[in-house]
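K.L.:
Just so we're aligned: 8 in UniProt numbering is position 8 of the sequence shown, and the numbers increase by one with no gaps anywhere.
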Amino acid sequence: MKVLDLKCSHEHRFEGWFASTEDFESQLSRKLVACPVCAATDVSRMPSAPRLNLSSARGEAAAPAPAQPASNAPQAAAPEAAVLQARALKFMRELIEKTENVGERFAEEARRIHYNEAPARNIRGVTTPEDAHALLEEGIDVMPLPVPDALKEPLQ
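So, in structure tokens, the structure goes:
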């Protein structure tokens, strides 16, 4: 089993498990590897150090050498990106929990709510850019917000 560090074109970092490097390459070429955050299929492999389990072969565990950070490497960039990514996912989950998905009926339902023809509530859904622009011209506040496919449906 190969565990690979991956990132998508939007800089989301994640881990992928594959039977072999060839299996990873095959799935990647068929666009079967997707980012769990944004569903982008433009994924690349990140450099990672292999973990060698040599202690069983020699009978004793070798002490790992202390890592020396590169002097020109940005130290706080990765943790900040991870924190931002976690916050964005938390926000998206809360948004999904607190809104009703009206799907393709978004523009129609937003108008019904605005004109008091339907009960006021928070909704989300899908609409065309033209319909979104028309809603804004009518004074109906809308905001495009891409929801990652991984959050749209329960995983189990």
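Even for Gly, the Cβ is constructed at its ideal location relative to N, Cα and C.
Judging by CA-CA distance, which residue of Pro146, His133, Val43 is the nearest neighbour of Leu95?
P.N.:
Of the listed residues, the one whose Cα sits closest to Leu95 is Pro146.
K.L.:
Counting only the same chain and skipping the five closest in sequence on each side, list residues whose C-beta sits under 6 angstroms from that of Phe18.
P.N.:
Lys2, Phe24, listed in sequence order.
K.L.:
Between which two residues does the alpha helix (DSSP H) harbouring Leu28 extend?
P.N.:
Here the alpha helix (DSSP H) through Leu28 covers 21–29.
K.L.:
Helix, strand or coil, according to DSSP, for Leu32 in the structure here?
P.N.:
Coil at Leu32, not helix or strand.
K.L.:
Figure out for me which residue from His12, Cys8, Asp5 has the closest Cα to the Cα of Phe86.
P.N.:
According to the sequence shown, residue 86 is Ala rather than Phe. That would be His12, whose Cα lies nearest to the Cα of Ala86.
K.L.:
Using DSSP with H/G/I as helix, E/B as strand and the rest coil, what is Gln156?
P.N.:
Reliability of the predicted coordinates at Gln156 is poor, the pLDDT of 47 falling under 50, and the value obtained from them is presented with this limitation in mind. If DSSP states are grouped into helix, strand and coil, Gln156 belongs with coil.
K.L.:
Once you ignore the five residues that flank Glu15 on each side, which residues in its own chain have a CB closer than 8 angstroms to its CB?
P.N.:
So the qualifying residues of the chain are Val3, Leu4, Asp5, Leu6.
K.L.:
Among residues of its own chain, excluding the 5 on either side of Asp42, which ones have a beta-carbon nearer than 8 angstroms to its beta-carbon?
P.N.:
So the qualifying residues of the chain are Cys8, Ser9.
K.L.:
Sorry if obvious, but does the Cβ on Arg93 come closer than 7 angstroms to a heavy atom of the ligand ZN?
P.N.:
Summarising the ligand content, the structure contains no ligands, and the ligand ZN is consequently not present.
K.L.:
State buried or exposed for Ala82, treating a residue as buried only when at least 16 other CB atoms are found within 10 Å of its CB.
P.N.:
Its Cβ having fewer than 16 others within 10 Å, Ala82 is exposed.
K.L.:
Kindly give me the distance between the Cβ atoms of Ala120 and Ile113, rounded to whole angstroms, as I take these residues to be in contact under 8 angstroms.
P.N.:
Yes, they are in contact, since the Cβ atoms of Ala120 and Ile113 sit about 6 angstroms apart, within 8 angstroms.
K.L.:
How long is the line joining the alpha carbons of Ile140 and Asn101, rounded to whole angstroms?
P.N.:
Going by the C-alpha atoms only, they are around 17 angstroms apart.
K.L.:
Can you give me the Cβ contacts of Ser20 inside the same chain, cut-off strictly under 7 angstroms, excluding the 5 residues immediately before and after it?
P.N.:
Result list for Ser20: Lys2, in chain order.
K.L.:
Using the three-state DSSP reduction, which class does Arg112 fall into: helix, strand or coil?
P.N.:
The answer is helix: DSSP assigns Arg112 an H, G or I state.
K.L.:
Beta-carbon within less than 7 angstroms of Leu136's beta-carbon, same chain only, minus the 5 sequence neighbours each way: which residues are those?
P.N.:
Answer for Leu136: Val142, listed in chain order.
K.L.:
Quick one: what does DSSP say Lys96 is sitting in, helix, strand or coil?
P.N.:
In the sequence as displayed, the identity of residue 96 is Ile instead of Lys. DSSP places Ile96 in helix when its eight states are reduced to three.
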